[in-house]
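Trainee: Shown below is the structure under consideration.
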Amino acid sequence: MDMDNEETRMKDSKRRERQAALENPDTDIGLCGWLLVAFSILLMLATLPISIWMCIKIVKEYERAIIFRLGRILRGGAKGPGLFFILPCTDSFINVDMRTITFDIPPQEVLTKDSVTVSVDGVVYYRVQNATLAVANITNADAATRLLAQTTLRNVLGTKNLAEILSDREEIAHSMQSTLDDATDDWGIKVERVEIKDVKLPHQLQRAMAAEAEATREARAKVIAAEGEMNASRALKEASLVIAESPSALQLRYLQTLNTIAAEKNSTIIFPLPLEMMQGFIKH
Numbered sequence: 001m002d003m004d005n006e007e008t009r010m011k012d013s014k015r016r017e018r019q020a021a022l023e024n025p026d027t028d029i030g031l032c033g034w035l036l037v038a039f040s041i042l043l044m045l046a047t048l049p050i051s052i053w054m055c056i057k058i059v060k061e062y063e064r065a066i067i068f069r070l071g072r073i074l075r076g077g078a079k080g081p082g083l084f085f086i087l088p089c090t091d092s093f094i095n096v097d098m099r100t101i102t103f104d105i106p107p108q109e110v111l112t113k114d115s116v117t118v119s120v121d122g123v124v125y126y127r128v129q130n131a132t133l134a135v136a137n138i139t140n141a142d143a144a145t146r147l148l149a150q151t152t153l154r155n156v157l158g159t160k161n162l163a164e165i166l167s168d169r170e171e172i173a174h175s176m177q178s179t180l181d182d183a184t185d186d187w188g189i190k191v192e193r194v195e196i197k198d199v200k201l202p203h204q205l206q207r208a209m210a211a212e213a214e215a216t217r218e219a220r221a222k223v224i225a226a227e228g229e230m231n232a233s234r235a236l237k238e239a240s241l242v243i244a245e246s247p248s249a250l251q252l253r254y255l256q257t258l259n260t261i262a263a264e265k266n267s268t269i270i271f272p273l274p275l276e277m278m279q280g281f282i283k284h
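Start counting the sequence shown at 1; every next residue gets the next number (the UniProt record's numbering).
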């Protein structure tokens with residue numbers, strides 16, 4: 001645990017150093033650079049007030065602007081939201097959207113740990129946490145995150161068997177989120193959430209699993225029926241012991257049975273026969 005914490009602190013320290021180096025770069029652009037900046041300022045002043053419309057830029061509340069002056073990131077990092085100024089000819093800027101972005105992971109054919117081929121897809125939620133790193137450290141942060149999500153999904157599911165994939169989706173999603181978040185930290189991207197949408201099994205495997213489930217249910221039903229028969233036989237045994245203690249109880253039970261049969265409105269005619277008449281035959 002201590003080693004993990006130390007490694008995390010080292011990663012955070014290196015990330016902050018890289019961020020500080022990008023947001024506060026060396027502003028020594030050389031003599032030619034300063035001459036170009038001075039010329040740009042003079043050009044802006046000479047063409048006022050028309051040039052003011054080229055110098056004033058606006059970014060929305062959810063956007064940040066990274067300004068490049070002669071190819072270098074301007075000191076102070078990202079600008080916005082609101083108004084900011086640029087110099088014509090020497091400055092350029094890139095807008096970065098800071099809102100949460102959602103994309104679907106295309107279905108991936110994955111071979112599980114127990115050699116079963118499944119098709120799994122998911123969805124990833126991420127946002128740009130540091131606009132400077134997202135622009136300076138990678139060409140296309142969105143495309144890179146999408147590709148990384150696909151490979152991470154395949155790598156994580158390759159270490160799981162089929163039962164774990166079907167039952168532990170939350171754990172798999174959390175593992176993917178941690179892996180993606182660590183990998184995209186240098187790009188200034190924060191992976192907020194990962195969800196597994198669907199796990200598609202081959203049709204042959206679906207039929208086999210359905211047959212297995214049906215056989216399991218039939219076996220459970222037979223066990224339950226056998227237990228019911230056993231409990232019923234025990235109850236009948238206890239009832240026979242109670243009736244044996246009182247001969248009149250058997251007669252009452254006999255009359256109750258006749259009453260139940262007569263209430264069914266059938267065409268069968270029943271003649272009650274006293275049990276005392278049968279005792280002589282039973283003894284013989």
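Glycine residues also receive a C-beta, built at the ideal position from the N, C-alpha and C atoms.
Suppose only complete runs of 4+ residues qualify. What are the alpha helix (DSSP H) ranges in the segment 116-184, listed by chain order?
Mentor: Qualifying alpha helix (DSSP H) stretches, in chain order: 131-136, 141-157, 162-167, 169-183.
Trainee: Roughly how many whole angstroms lie between the Cα atoms of Ala232 and Leu166?
Mentor: Answer to the nearest angstrom: the Cα atoms are 40 angstroms apart.
Trainee: Does the beta-carbon of Lys222 have 16 or more other beta-carbons within 10 angstroms, so that it is buried, or is it exposed?
Mentor: Exposed, by the Cβ-count rule.
Trainee: Assign Val110 to buried or exposed, taking buried as 16 or more other Cβ atoms, counted over all protein chains shown, within 10 Å of its Cβ.
Mentor: Classification of Val110: buried, given that the 10 Å Cβ count is 16 or more.
Trainee: What residues match up with Gln204 in a beta bridge as DSSP calls it?
Mentor: DSSP output for Gln204 lists no bridge partner at all.
Trainee: Verify whether the separation of the beta carbon atoms of Asp91 and Pro107 is less than 8 angstroms.
Mentor: In this structure, Pro107 does not lie closer than 8 angstroms to Asp91 by Cβ.
Trainee: To which residues of the same chain is Trp187 closer than 8 angstroms at the C-beta, ignoring the five residues directly before and after it?
Mentor: Leu133, Ala134, Asn137, Ile138, Ala141, Ala144, Thr145.
Trainee: Using the three-state DSSP reduction, which class does Pro247 fall into: helix, strand or coil?
Mentor: Three-state result, Pro247: helix.
Trainee: Touch check for the segment 145-163 and the segment 114-129: three-plus C-beta pairs under 8 angstroms?
Mentor: Flag = yes, the segment 145-163 and the segment 114-129 touch.
Trainee: Please report the straight-line C-alpha distance between Ala213 and Pro202, rounded to a whole angstrom.
Mentor: Between Ala213 and Pro202, the C-alpha separation is close to 16 angstroms.
Trainee: Report, in whole angstroms, the separation of the C-beta atoms of Ala131 and Val96, which I expect to be a contact under 8 angstroms.
Mentor: Confirmed, Cβ separation roughly 4 angstroms.
Trainee: How far does the beta strand (DSSP E) with Ile101 in it reach, from first residue to last?
Mentor: Unbroken beta strand (DSSP E) run through Ile101: 101-111.
Trainee: Please state if the CB of Glu192 and the CB of Ala173 are separated by a distance shorter than 8 angstroms.
Mentor: The answer is no: Cβ separation not under 8 angstroms.
Trainee: My output table needs one value for Asp97: the three-state DSSP class, helix, strand or coil.
Mentor: Of the three classes helix, strand and coil, the one that applies to Asp97 here is strand, per DSSP.
Trainee: On the CB-based measure, 16 or more other CB atoms within 10 Å of its CB, does Pro49 come out buried or exposed?
Mentor: That one is exposed.
Trainee: Give me, in chain order, the residues of the same chain whose beta-carbon lies closer than 6 angstroms to that of Glu229; leave out the 5 immediate sequence neighbours on both sides.
Mentor: If we look at Glu229 and ignore the five residues flanking it on each side, it has no Cβ neighbours.
Trainee: Cα separation between Arg69 and Gly33?
Mentor: Whole-angstrom Cα-Cα distance: 9 angstroms.
Trainee: How many Å lie between Gly76 and Phe84 at the Cα?
Mentor: Using only the alpha carbons, I get a separation of about 12 angstroms.
Trainee: Could you spell out the range, first to last residue, of the alpha helix (DSSP H) harbouring Ala38?
Mentor: Counting along the chain, the alpha helix (DSSP H) containing Ala38 begins and ends at 30-46.
Trainee: Quick check on the DSSP output: the alpha helix (DSSP H) that includes Ile52 runs from which residue to which?
Mentor: Ile52 -> alpha helix (DSSP H) spans 52-55.
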